[in-house]
Amino acid sequence: NETRQQLLIAEKLAAVGELVAGVAHEINNPIAVILGNMEVLEQELGEGVLGVQTEVDLIIKQVFRVRAIVDKLRQYAQPADFGRNVEWTDVNEVVRGTLPLVDYELARKSARLRQELGATLHIQNNQPELQQVLVNLLVNAAQAIDQGGLIRIITTDRGDSEVDIVVEDDGPGIPKENLNRVFDPFFTTKPSGTGLGLSVTYGVVHRYGGSVRVESGAESGARIIVTLPVNPVFDSEEDPATATA
25 NETRQQLLIA EKLAAVGELV AGVAHEINNP IAVILGNMEV LEQELGEGVL GVQTEVDLII
85 KQVFRVRAIV DKLRQYAQPA DFGRNVEWTD VNEVVRGTLP LVDYELARKS ARLRQELGAT
145 LHIQNNQPEL QQVLVNLLVN AAQAIDQGGL IRIITTDRGD SEVDIVVEDD GPGIPKENLN
205 RVFDPFFTTK PSGTGLGLSV TYGVVHRYGG SVRVESGAES GARIIVTLPV NPVFDSEEDP
265 ATATA
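To convert, note that position 15 of the sequence shown is 39 in our numbering; the numbers rise steadily by one, no gaps.
Shown next, in the form of structure tokens:
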């Protein structure tokens with residue numbers, strides 16, 4: 025059943041990816057035009073822009089938000105374009121380096137963070153992409169917990185060939201009917217969510233020969249387990265070590 029579910033998710037990602045690639049390209053053009061004209065507008069208004077500076081800044085901020093979403097779309101649809109050379113990676117160091125990037129989200133919820141970094145194996149991986157996976161998982165956990173809630177991040181060796189990275193929260197958990205949809209592109213229960221974070225995470229993890237699964241029960245929080253191999257085997261066309269920007 026787990027294999028069947030992973031194949032179903034992969035098919036969904038591939039199908040939507042083709043559509044997303046074209047949409048992202050088309051959106052990028054008007055974004056560039058809007059930003060360029062906002063710059064011209066500010067120059068033409070001179071000091072007169074001060075009266076509407078708040079509105080101008082808001083427009084620019086939202087355009088950059090759209091651009092960030094488009095970048096996620098492109099990474100989701102064309103992951104090989106974002107690959108960089110793999111290198112031996114200490115997952116514990118990547119975890120420690122990621123925490124400052126999510127400090128605002130954690131502080132906003134007064135989150136209690138418990139680190140249990142027991143992995144000893146180094147893995148062949150792309151550190152920036154692994155860091156993005158961790159950011160996605162930690163931000164999701166922070167958004168799920170109540171004020172003062174607990175987040176655990178755990179790393180362990182799985183035998184001598186794999187490493188597990190677990191992010192666990194004590195939030196309300198994921199409803200049973202949504203468990204099979206959490207990796208679906210654009211599926212979200214958040215009013216301001218894009219539904220791409222876990223889809224991108226799924227794509228990145230599988231690109232490096234790993235797996236990701238979710239465990240959750242009613243009112244028992246959520247637990248996401250990422251398993252990554254020490255030595256991933258890439259398809260020659262998708263090998264990040266040979267991809268070019």
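Cβ atoms here follow ideal geometry from the backbone N, Cα and C, with glycine treated the same way.
The C-alpha of L123 lies about 25 Å from the C-alpha of G233. DSSP places L154 inside the alpha helix (DSSP H), whose first and last residues are 151 to 168. With respect to S185, V254 sits close: the two C-beta atoms are nearer than 8 Å. DSSP places P54 in the helix class (H, G or I) of the three-state scheme. In this structure, I178 lies away from L137, with their beta-carbon atoms at least 8 Å apart. Excluding residues up to 5 positions away in sequence, K133, S134 lie with their Cβ nearer than 7 Å to the Cβ of Q171 in the same chain. Rounded to whole angstroms, the gap between the alpha carbons of K200 and V206 is 11 Å. Secondary structure note for V250: its beta strand (DSSP E) is the uninterrupted segment 246 to 253. Within the same chain, and ignoring the five residues on either side of V229 in sequence, the residues whose Cβ sits closer than 6 Å to its Cβ are V236, V250. For L158, the closest alpha carbon among the candidates G173, V224, V47, I147 is that of V224. Between V163 and L252, the gap from beta carbon to beta carbon reaches 8 Å or more. Taking all protein chains shown into account, D193 has 16 or more neighbouring C-beta atoms within 10 Å of its C-beta and is therefore buried. Taking a C-beta distance under 8 Å as the contact criterion, N149 and V110 qualify as a contact pair. The three-state secondary structure of T144, taken from DSSP, is coil. For the pair V126 and L154, the CB atoms are not nearer than the 8 Å cut-off. Boundaries of the alpha helix (DSSP H) harbouring L130: 127 to 132, taken from the DSSP string.
In this chain, the alpha helix (DSSP H) harbouring V115 covers 115 to 122. Shown here for R91: same chain residues with a beta carbon closer than 7 Å to its own, the five before and five after excluded, namely I55 in chain order.
Nearest neighbour of L161 by Cα position, chosen from V190, G142, A143, E50, turns out to be V190.
In this structure, the CA atom of V47 is about 16 Å from the CA atom of R89. Within the same chain, and ignoring the five residues on either side of G121 in sequence, the residues whose Cβ sits closer than 7 Å to its Cβ are Q155. The DSSP-derived three-state label of I175 is strand.
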